[in-house]
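Protein chains: 2
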Amino acid sequence: MKTRSGLVDLPLAKVFTCIEQGPVLLVTTRDGRKNNVMTITWSSVLDFTGHFCIVTGSWNYSCRALLKNSECVVAIPPATMLETAVDIGMCSGADTDKFRRFGLTALKAQEVKAPLLGECLANIECRVSDYVTAHNIFVLAAVKAWINPACSDHRIAHAIGDGTFTIDGERVNLRSRMAEKIPDGV
Amino acid sequence: MKTRSGLVDLPLAKVFTCIEQGPVLLVTTRDGRKNNVMTITWSSVLDFTGHFCIVTGSWNYSCRALLKNSECVVAIPPATMLETAVDIGMCSGADTDKFRRFGLTALKAQEVKAPLLGECLANIECRVSDYVTAHNIFVLAAVKAWINPACSDHRIAHAIGDGTFTIDGERVNLRSRMAEKIPDGV
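Those sequence lines, one after another, are chains A and B.
Mapping of the first sequence onto this note's numbering: residues 6 to 191, in sequence order.
Mapping of the second sequence onto this note's numbering: residues 6 to 191, in sequence order.
Here is the structure:
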């Protein structure tokens, strides 16, 4: 794996801002010597201290690695990667080396064995802190996070669920309207 | 409350498509004879049969009504309502009649006592089916859902969490690429 030169530290207190938007996510795992990646579109912030959840069940090959190793990297692909993200979701790590097939750049993470994705806007190194079996909810705790300044496309994609997606358009700033609800340093 | 004439049935099998995008949500409750509404930006789909979750804790006035009555309406405001949605989130039902203050149209729901929001793109009548106390996760089961054809703005807003928001831009259709993963009828 290549080194992660060029990536910039993202404070854990800002991790929730990556997830709250409702982005299409790529989640990497490493089982033994094998990297894998899945596409996840069901997620939610849980608090302001880097806890969030992804929803996936035992039908998913990556789910076993998540349960076994209790760690992963959650990456935010730019909108330009949307077709690749969809294709990643259409094949299984059980019979496919997805990193090779899609030409993905695996970078060494700092705190977990799962790889960072060099093409993504942000990478969040996570440990699984709980698994709510009844609802297939993996509660993740961010332990380290990175921003990729080399990523020129800052728009993200949102899945509708019917095979269509919306791409970020206009950005609206209402900070002054809700200042007292924004955590310090965000 | 006015009748809901003009609203069109949204099949429960399509409810997940409202939530998967990661929209700013308005959640109404009714406690006794009093309607209330809160703004929620932490949510996730849980399955294809109308189960999804919102995340909010006991610090929230509406949370008590949710726990007590075990029902609510989850509404999707159009992007044109974003400033109102933010303002709704900045005051409390403890001391404010938010429906009066913001001129919201409460329509009678079919299955729950909480009101529908006449200004919203979609309204999902829900029962609380579980509350995961450790993570403040309310698991909701949609019991009836409505689309509002009179809503001309189909763009939704996504909260970043830092006081800024993105509005839906371009729509991309990748149905043919992922046809086998789209549930029947969606």
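Every residue, glycine too, gets a C-beta built ideally from N, C-alpha and C.
Just so we're clear, the structure is a prediction, and the values are computed from it rather than from any experiment.
For A:Trp-47, count neighbouring Cβ atoms within 10 angstroms of its own Cβ and tell me buried if that reaches 16, exposed if not.
-> In the first sequence, the residue the question calls residue 47 of chain A occupies position 42. So A:Trp-47 ends up on the buried side.
Is any beta-carbon of chain A found at less than 8 Å from that of B:Arg-182?
-> Locating residue 182 of chain B in the second sequence gives position 177, counting from the first residue. Judged by the 8 Å Cβ criterion, B:Arg-182 is in contact with chain A.
Check distances from the C-beta atoms of the region 47 to 75 of chain B to those of chain A and list, in chain order, the residues that come in under 7 Å.
-> Trp-47, Ser-48, Ser-49, Val-50, Leu-51, Cys-58 and Val-60
How long is the line joining the alpha carbons of A:Leu-87 and B:Gly-37, rounded to whole angstroms?
-> Here residue 87 of chain A refers to the residue found at position 82 when the first sequence is read from its first residue. Here residue 37 of chain B refers to the residue found at position 32 when the second sequence is read from its first residue. For A:Leu-87 and B:Gly-37, the distance between alpha carbons rounds to 47 Å.
Does the pairing of the region 176 to 184 of chain A with the region 154 to 169 of chain B give three or more beta-carbon distances under 8 Å?
-> yes
Around the C-beta of B:Ser-67, are 16 or more other C-beta atoms found within 10 angstroms, so that it is buried, or is it exposed?
-> Sequence index remark: in the second sequence, residue 67 of chain B carries index 62 (1-based). When all chains shown are included, B:Ser-67 counts as buried.
Got a sec: is the Cβ-Cβ distance from A:Thr-171 to anything in chain B below 8 Å?
-> Here residue 171 of chain A refers to the residue found at position 166 of the first sequence. Closer than 8 Å: yes.
What residues from chain A crowd round B:Lys-2, counting only those whose CB sits closer than 8 Å?
-> Lying before the first or after the last residue shown, residue 2 of chain B is absent from chain B, which here runs from 6 to 191.
Touch test, the region 150 to 162 of chain B against the region 128 to 146 of chain A, Cβ-Cβ under 8 Å, three pairs minimum = no
Under 7 Å Cβ-Cβ, which residues of chain B neighbour A:Thr-22?
-> Walking along the first sequence from the start, residue 22 of chain A turns up at place 17. Those are Ile-165, Gly-166 and Asp-167, listed as they occur along chain B.
A:Cys-77 - DSSP class collapsed to helix/strand/coil | In the first sequence, residue 77 of chain A corresponds to position 72, counting from 1. Strand, per DSSP.
Cutoff 8 Å; reference B:Asn-65; Cβ partners in own chain excluding five residues on either side = Looking up residue 65 of chain B in the second sequence gives position 60. So the qualifying residues of the chain are Met-43.
Sub-8 Å separation of A:Ile-81 and A:Cys-125 beta-carbons = Locating residue 81 of chain A in the first sequence gives position 76, where the first residue counts as 1. Locating residue 125 of chain A in the first sequence gives position 120, where the first residue counts as 1. Yes, these two residues count as a Cβ contact at 8 Å.
Roughly how many angstroms lie between the CA atoms of A:Ala-84 and B:Arg-9, to the nearest whole one?
-> Stepping through the first sequence from its first residue, residue 84 of chain A is reached at position 79. Stepping through the second sequence from its first residue, residue 9 of chain B is reached at position 4. Approximately 38 Å, taken between the alpha carbons.
Segment contact, 8 Å Cβ cut-off, at least three pairs: the region 48 to 58 of chain B with the region 20 to 30 of chain B = yes
Extent of the continuous beta strand (DSSP E) run through A:Gly-94 | Here the question's residue 94 of chain A lines up with position 89 in the first sequence. From DSSP, A:Gly-94 is part of no beta strand (DSSP E) but of the alpha helix (DSSP H) over 87 to 94.
Give the C-beta separation of B:Ala-111 and B:Asn-40 to the nearest angstrom, bearing in mind that I take them to be a contact with Cβ-Cβ under 8 Å.
-> Translated into positions along the second sequence, residue 111 of chain B becomes position 106. Translated into positions along the second sequence, residue 40 of chain B becomes position 35. The pair is a contact, with the Cβ atoms about 5 Å apart (cut-off 8 Å).
Figure out for me which residue from A:Thr-61, A:Leu-122 and A:Cys-77 has the closest Cα to the Cα of A:Phe-107.
-> Along the first sequence, one-based indexing puts residue 107 of chain A at 102. Closest by alpha carbon: A:Leu-122.
Those runs of the alpha helix (DSSP H) which lie wholly inside the region 84 to 172 of chain A and span at least 4 residues | 87 to 94 and 103 to 106
Residues bridged to A:Asp-36 (per DSSP) | Sequence index remark: in the first sequence, residue 36 of chain A carries index 31 (1-based). Paired residues: A:Lys-39.
Determine, using beta carbons only, whether A:Asp-135 comes closer than 8 Å to chain B.
-> For this step, residue 135 of chain A is matched to residue 130 along the first sequence. It does: the Cβ of A:Asp-135 has a partner Cβ on chain B nearer than 8 Å.
On a CA-only basis, which of B:Glu-175, B:Phe-57 and B:Leu-30 is nearest B:Ala-18? Give me that one, please.
-> Reading the second sequence from its first residue, position 13 is the one you call residue 18 of chain B. Selected option, being the one with the closest Cα: B:Phe-57.
Whose C-beta lies closer than 7 Å to the C-beta of B:Leu-31 among residues of the same chain, with five residues either side of it excluded?
-> Here residue 31 of chain B is taken as the residue at index 26 of the second sequence, counted from 1. Excluding sequence neighbours, B:Leu-31 sits near Val-42, Thr-44, Ala-80, Pro-82, Ala-90, Ile-93, Leu-122 and Cys-125.
A:Val-3 classed as buried or exposed, judged by whether at least 16 other C-beta atoms fall within 10 angstroms = Look at the range of chain A in this structure, 6 to 191, and you will see that residue 3 of chain A is not part of it.
So what does DSSP say about A:Ser-48, is it helix, strand or coil?
-> Numbered from its first residue, the first sequence carries residue 48 of chain A at position 43. The answer is strand: DSSP assigns A:Ser-48 an E or B state.
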